[in-house]
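Residue numbers in the sequence shown follow our numbering, run continuously in steps of one, and reach 1757 at the last position. Glycine included, C-beta positions come from ideal geometry on N, C-alpha and C. Quantities reported herein were computed from a predicted structural model and do not represent experimental measurements. Structure first, commentary second.
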Amino acid sequence: MKNFNLKTFAILLFCVVQLSFGAEKPNFENNLNKVASAGLNTSNGGAAITSESLIIDTKNNTLTANDGVKFQYQGLKLQAFGFKKDKESNIVTATGDVMIEMGDDSNRARINSPKTLLSLDSSTLKYYDSISYMEVGATTGAEIPNDRIYFGGEVGEYNKEAFTLKNAWFTTDFGILETGYYKNAGYYLETKKLKIIPDNKAEFQDIDLYISNHKVGWLPWYAVNIRQGSKVPLFPIWGDKTDYGFYISSGINYGDNNSKYFKGGIAPKFADQLGLLVGRFENWYDLGNYGKGLVTADDLLVSKKDSSIDDRWDIAANHQYKNDKGYLKLGVQSTTINQISALEDYRDDLERSGFYDDKKRNDGEAISFITLHSEFENIGERNDITIHSKVKLLAEGEDAYDEFVDDQIDDASFDSELDHKLYTDLGFTKDNEDYMIFAYYDYLKDLDPGSTSKEEDDQSRRENFGFAFNLKETKIDFAYDHENGDKLRKLRSWERSPELKNITTLQGGNIKYVPWSVYEYDKDNSDKIKLYLGEYDLGNSDATYKVKLDSLRTEKKLNLNNDPFKEASSSNNTNFNTRDQQYNKEENIIYSKNSEDKVATEFFYDQYRLELTFGKTKDEFWDREGIYNYKSVEENDAYNIYINESDFAQMELEDKRLNLSYLGEAGLKYNLRYDSYTSGYDSYTGNNNGGDSSLRHQVHFNHKLTLLDNTNNHFRDIDFKLNNEFNYFGQLYSYDNGGRDGDSTYNGQIRLKNKDSINEFKDKVTLDLGNTTTVFTGGYKLSNNGYDSDVKNKEEFTSNIDFSFNDEYNDLTNNKFGGSYYINENYKFYYNHERIDYTLLESENLSTTDSNYNYSADEDVIENTYGIEIKDDLDIYNLTYTHAKNDRTDNNSDTFNVKTDIIGASYLNGGDVEHFYNATYGIYKYGPSDTLKDYSSDQISFKYEYRDKRFTDKELRSYAAAEYNKDKLEITPSEISRVKQILNERNDNQLDFNLNSIMSQEMNRPEYKKYFTLSLMAEVHRETYRQSNDFFGSLNELEADIYGSYKRFGLGYTYSEKADFDSSYVRNITEQDHEFSLRASIGKPSQGWNMKVSYTAELDGEDKYGIYLGKEMGYYEWSVGYSKDYDSTTTSYDDRLAIQFTLLTFPENPLFGIGYKDKDRSMSPNLWFGNGVEVDEINN
């Protein structure tokens, strides 16, 4: 019986481990001195004093008030009915019921004492016969009325080192509020001495446990870790866990509040299946002006029970530095795979599929990250340096991280967006009155390329760097930029459908998903060098000149990946040529490599400028205009190669300010370039030695005119000004065959290939009316073939209402136009159009019998999008409709067609409580072959979401602390008000406080958050539905998700199903997953029933479930927990069952559990201490 009492006592004491004593304590030494002084002097900077009636006796040094005197100073609130100061002992006595409050809303502490003494000499606070509580619900998840711990003692003392309570008591039974007497609690602890060392530990000495006022146990000593953020247990904890077996752990703290470099703790852990581990290690350090940080280690396996056991650890280090110049955040984390449960599960799936049949699985492999984010300005001796960094890199474990990303992608749905990037962005600038130096480095590796819809997400890899300097007095500038990477483009509506999951990852992996983007260029590189050699006077004239050198290298390689739908069509259509299967079939140039080196001299006189340039160019491009069918790219039958090399001379004249009097002001620039071709190559005639030449004329005219301006009218009622700016740009080429052999027309076409003759007009009208400025813009651009100006290449029109028109005329004719129109700020209409008229052109240089050409193919693509958006206060309505089709004919027969119709509607009923509705219906039709029809599908999706965005004062203070990087106690009312505005909070900020007695204080119910979401997605196989007319029998994919939480009830269920269809359109389910979670508390808190149910199941029979049923009995709960988890490696279930006891102040962790575990068909009894049988929930 004695042993039983001791064990029971130890179990109950375990609850103390989780107490939130670690909350930061206010500086009593300073605060109470200041508050006491404020009370005696009635005023003090920073202290607030309120009282309806105040009597000050200066003769006896007393201050009294019938209704009490309230003080608020920083985080300390104090109320007393009288104060008296003894001059000889320098002690302040507070009389009557003294109430002290400290801490913030998440861990507020209250002390009631009939008498309090404050020694001003020793800065010691003493209070007698106290009763106190601390709120811990925000930390432990406890609900009212079990969200507090209660304690007190005959004598309490605080100095700068520690709190000490003599003849103290402790309980979590809220029943003491009825009588105010702790011995009426269901249980309590009595201790001769309770010593609390802030931010370190609490020590109990000579402890007795009482249940129903009967002594049932005793311990000589006990210690509790109260260090903020610490996870080191100072009293042994034990339990049982998968991969660990039975484990036990206990540790020590080291360092104190004044420790700068070594403050933390360490807790060894023994696990009978693993060996000896460092269960927890943590060390805080403060380097003063160099920042501070934290190093932690969890479950570091230091001595293995067997050499075959994989390594295991989770190590992290974080360092932060901040000053008035900027900040730095550095993080390092290394975690073994066996510490990442999701990745372990994924590898289990791989193992079952045979992936590890010929290789070793090592779950001790680590994934290690380095992160850095910093920005500093105005640093260095001259305050002229700016640096920034943004880094996320893998130090090791790239293959394992790839597996993790693949697992995320594999679970992604059609509309999912993921983002797993590794990057390095570094920059350095030193800029002062003498010189400027700049350098940068930009690296990117996207592990799931194309998986977001963001327009700026247009690369999967890049490595750019560069540097520059400028000597400001001599005006010498130098800049070098290197860019190396690829380029992505967004899929258009007719290219993207739910069935596109047949495409594999863009990195060449085996995971299938539907991307938002595909590669446009596999290579998009450049190198640029610019050098300006200063500015000099030209003799004794007022003219100046400067010399500059430029070098440019570019290289681009088109991606030739196939569209899976076009590829499927070609397998059933011999006329479907090779090029037409590709995503980027519209592009003629599949490879280009260009270089240009030039030296120029610029002359300046007043507004006139003359530039003379000499240089050399080499352009190489592989062109497939007119080529649509070929055997292979490698055999050079997919393109024609053209190489042009030339020496050139260029002259440019400019008058920047041509005064036209009342007709305004104009600028004129003329450029003449002469290219003398020295050599070249093309696929038909081979090498050539040049001898030919070309001329390029460019004219740029700018005209500015003020049409109306009443500025000089001093009697004007309103300011009015109307300005117009007109721009014209023209470009024209001419060719001279000179002494070169061969056909002049053919030679000219080759030399001027990819060069356009251009006529471009732009106009901008600016109207200033009062304090309102309105700008109207419009433009027109016509581009023709550089050699034959009668051949139109492109036509573009733009206007100020965001309306644009774009035509490209070639074998892949493309036109785009669209615009947005606003009736006012609440009504927006928008429309976009794109059309591709795709007719295959015949090459003039090949015989019409060449088998590589298909002359009778035609393809038309058209897309129209219509939309309307209406805003009504906080409500937003949106309706969109997109129609797209892609029709192809070969030899006058339909060979491929796609029709896409997508209708979307959404409604947001905004405010503090939001209702959001979104519905989409997509029709994706493919044909005409049966193979293509099998890709046809309809997708229906609906989502409803209810969001209660109201925030409690506790949450606002936490948000403000994070926003302003302050402690919660330091947050000012104005900062809370600002955060409320940010969070769209409607309640006014309450600045007053009410210090009532603990015994009479009401227990206000918290404002529970309410949330509900429902989403459905069904994808129907059109061909199956056409034949069977059975909606559910035609489902290709089905997803349903529901989650809701209200007060003490939460429910979540997710169902997903995928199916294939055989040649007879019989449905075969290939994947099926269920996830269900229920959490309900029935009845009033502390008196009701708690229930948890969790269930997950897959089609292959793997499932797991858990059941938890508990009865609340005031301040504690008895419960039964049961879990069952299928282990595919042993083809058996792992079972656990326990009868558990929980103090409701700490509802997430049972104090102990007694039951059994059944693993590998072997049953054994088990005792959990500090934990129990876990039942998972669906987290939304």
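Item                                                                                                                  : Value
Span of the beta strand (DSSP E) around G822                                                                          : 822-826
Residue closest to D1023, alpha-carbon to alpha-carbon, out of E1032, Q1036, F1055                                    : Q1036
Straight-line Cα distance separating F1353 from E1211                                                                 : 52 Å
C-alpha gap between D984 and Y978, whole angstroms                                                                    : 10 Å
Residues of its chain near L871, where Cβ-Cβ distance is below 6 Å and the 5 sequence neighbours each way are ignored : W861, N895
For D1313: DSSP bridge partner residues                                                                               : S1270
Own chain partners of K1341 with C-beta closer than 6 Å, once the 5 adjacent residues on each side are dropped        : E1302, T1354
Cβ-Cβ distance between L1187 and F1142 below 9 Å                                                                      : no
Exposed unless 16 or more other CB atoms sit within 10 angstroms - verdict on V1490                                   : exposed
Contact between the region 1234-1244 and the region 1192-1207 (3+ Cβ pairs under 8 Å)                                 : no
Whether V809 touches A779 by CB criterion (9 Å)                                                                       : no
DSSP three-state assignment for G908, whether helix, strand or coil                                                   : strand
Neighbour-count burial assignment, S1030, 16 or more Cβ in a 10 Å radius                                              : exposed
Residues sharing a beta bridge with Q1227, DSSP                                                                       : T1190, R1250
Cβ contact (3+ pairs, closer than 8 Å) linking the region 838-855 and the region 866-880                              : yes
Nonlocal neighbours in the same chain, by C-beta distance under 8 Å from F1044, ignoring five residues either side    : I1014, F1015, A1016, Y1017, A1056, Y1057
C-beta contact flag for L949 and L999 at 9 Å                                                                          : no
Nearest-angstrom beta carbon gap, D1011 and K1049 [assumed within contact, 8 Å]                                       : 6 Å
Among G1004, P1075, D925, nearest to D992 - alpha-carbon criterion                                                    : P1075
Beta carbon of W1071 nearer than 9 Å to that of E994                                                                  : no
Cβ shell of F1626 (< 6 Å), same chain only, five flanking positions each side left out                                : A1657
D1437 versus G903 - alpha carbon distance                                                                             : 56 Å
Burial state of D1320 (16 or more Cβ within 10 Å)                                                                     : exposed
Near the ligand ADP: N1370 beta-carbon under 8 Å from a heavy atom                                                    : This structure lacks the ligand ADP; in fact it carries no ligand of any kind.
9 Å Cβ cutoff met for F1181 and A1120                                                                                 : yes
Buried or exposed by the 16-neighbour rule on C-beta atoms within 10 Å, applied to N1474                              : buried
Residues near Y1168 by beta carbon distance below 6 Å, same chain, minus five either side                             : K1134, W1199
R1293 classed as buried or exposed, judged by whether at least 16 other C-beta atoms fall within 10 angstroms         : exposed
With 16 other Cβ atoms within 10 Å as the buried cut-off, status of S1209                                             : exposed
For V713 and T1719, believed in contact at Cβ under 8 Å, the rounded distance                                         : With 8 Å as the limit, T1719 and V713 do not qualify as a contact, their Cβ atoms being about 14 Å apart.
Which listed residue (E1112, K1175, K1162) has its alpha carbon closest to that of D1127                              : K1175
Integer Cβ distance of G1266 from S1256, believed to fall under 8 Å                                                   : Checking the sequence shown, residue 1266 turns out to be Asn, not Gly. The pair is a contact, with the Cβ atoms about 6 Å apart (cut-off 8 Å).
Integer Cβ distance of E1675 from D1711, believed to fall under 8 Å                                                   : Incorrect: roughly 16 Å between the Cβ atoms, too far for contact.
Nearest candidate by alpha-carbon position, reference D891, set T819, V909, M1690                                     : V909
Residue(s) in a DSSP beta bridge with Q656                                                                            : K647, M676
Whole-angstrom distance between I1218 and E1229, CA atom to CA atom                                                   : 32 Å
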